[in-house]
Ligand SMILES: [Cu+2]
């Protein structure tokens, strides 16, 4: 009963008739929560945000084809073969991985045509593996899990307004995203592993388990948004361009992200969204000499690929009472196509949930 009352009170706060139909209080005026840097603020405005993202991966692919752990262990060459005690094929196979990311952000607009943004991240990775016995065959020796967690890279960006038009029923907006990613995330995370020789040394974890890129990355992009009475829509392109080589001797592949979305919000407090997101990431250049194991994740060539996700989301904007001005968003995305430089773990789904409040 108490829950019902709280629920009813919360619903009343959200639906209380809108006072002003401005950017702060209209759910559909922000992009689905999985999109970053989608909007700008008016002069003097400050916004704080928190996002949580979980990415769930299970099973491996080579290109677009699924491949079993046994196939990987018996047929995929180990690039470190030839060194002492190294088997000819991969002997450790990742089964699944979970990546959790907490993102704390702040935005500030010193003037109408410029919004500054900064975002800190905390990352937590967990990966389950299966180890095959000795140098050949498909006999499983056992399994193990590795974890890494801590600060990820920190992003800072400037959003520069390109245009703002349409006082009537339909309006359009565009801005440039000029971002940098500062390498605050560790690239020296270690964990205890189970080797094919049945030993359990603590080694530097492979690339996908590291928390940052180790390089200063440039993140240029461009964003367009539009809105009408009950709809909003947008498109964004963003690149992640690595500069130089990190201290461990490699650089992650450049990344290109393109996304389009549409939202339906017949009232100011709720909007449903549909989004298409394309991501292309290149392989790793160079190699960390401390990452050398008969596992696909330790091979710089088995990283990156192309992926298209479809996401559905819900944005809520509090209209009154305790939730006035608070925004909540949730978005769930699944890949409809994945072409991986594999063998590599495939993504099964991504969930993003967040809160935003402007002052
Ligand atoms: Cu904002």
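Residue numbers (my numbering): 394 to 752. Note that the Cβ used here is the ideal one computed from N, Cα and C, for glycine as well.
query                                                                                                                             : result
Three-state class that DSSP yields for residue 577 in the structure shown                                                         : coil
For review: beta carbons within less than 5 Å of any heavy atom in ligand 2                                                       : Ligands in the displayed structure: ligand 1; ligand 2 is not one of them.
Host alpha helix (DSSP H) of residue 606 (start-end)                                                                              : Taken as a continuous stretch (DSSP letters only), residue 606 belongs to no alpha helix (DSSP H), as it is neither H nor E.
Distance between residue 647 and residue 627 (C-alpha atoms, nearest Å)                                                           : 24 Å
Residues near residue 435 in its chain [Cβ-Cβ closer than 7 Å; skip 5 each side]                                                  : 502, 505
Option in 621, 675, 720, 658 with minimal Cα separation from residue 667                                                          : 658
DSSP three-state assignment for residue 503, whether helix, strand or coil                                                        : strand
For residue 615, the residue or residues it bridges with in DSSP                                                                  : 569, 630
Between the CA atoms of residue 745 and residue 687 - distance to the nearest angstrom                                            : 33 Å
Chain-order list of residues whose beta-carbon lies under 8 Å from that of residue 428 (same chain, five-residue window excluded) : 627, 629, 652, 654, 668
Alpha helix (DSSP H) segments (min. 4 residues) lying fully within the region 689-740                                             : none
Residue 681 vs residue 641 beta-carbon contact at 8 Å                                                                             : yes
Enclosing alpha helix (DSSP H) for residue 465 [first to last residue]                                                            : 462-468
Bounding residues of the beta strand (DSSP E) (the contiguous stretch that carries residue 649)                                   : 648-660
Sub-8 Å separation of residue 684 and residue 639 beta-carbons                                                                    : no
Min CB distance residue 467 to chain D below 8 Å                                                                                  : This model lacks chain D altogether; it includes just one protein chain.
Backbone secondary structure at residue 670 - three-state DSSP                                                                    : strand
Of the listed residues 588, 566, 615, nearest to residue 625 (C-alpha basis)                                                      : 566
Whole-Å CB distance - residue 613 paired with residue 571, under 8 Å assumed                                                      : 6 Å
Residue 664, DSSP secondary structure in three states                                                                             : strand
Meets three-Cβ-pair contact criterion under 8 Å: the region 514-522 and the region 592-604                                        : yes
Where the beta strand (DSSP E) containing residue 623 begins and where it ends                                                    : That residue, residue 623, is in no beta strand (DSSP E); it is neither H nor E in DSSP.
Spatial distance of residue 416 from residue 515 (CA atoms)                                                                       : Caution applies to residue 416, whose pLDDT of 48 falls short of 50 and renders its modelled position unreliable; the model cannot decide the point.
Proximity below 8 Å, CB of residue 710 to CB of residue 420                                                                       : yes
Residue of 604, 690, 424, 708 minimising C-alpha distance to residue 492                                                          : 604
Beta carbon of residue 496 nearer than 8 Å to that of residue 444                                                                 : yes
Per-residue burial, residue 555 [other beta carbons within 10 Å of its own, 16 or more giving buried]                             : exposed
Other residues of its chain near residue 528: CB distance less than 8 Å, five sequence neighbours each side excluded              : 480, 481, 484, 589
Rounded C-alpha distance that separates residue 806 from residue 473                                                              : This structure does not reach residue 806, given that the chain is present from 394 up to 752, and the question cannot be answered.
Cβ neighbour criterion (16 or more within 10 Å) applied to residue 478                                                            : exposed
DSSP-derived helix/strand/coil call for residue 459                                                                               : strand
Start and end residues, beta strand (DSSP E) containing residue 686                                                               : No beta strand (DSSP E) contains residue 686, which DSSP labels as neither H nor E.
Between the CA atoms of residue 544 and residue 490 - distance to the nearest angstrom                                            : 18 Å
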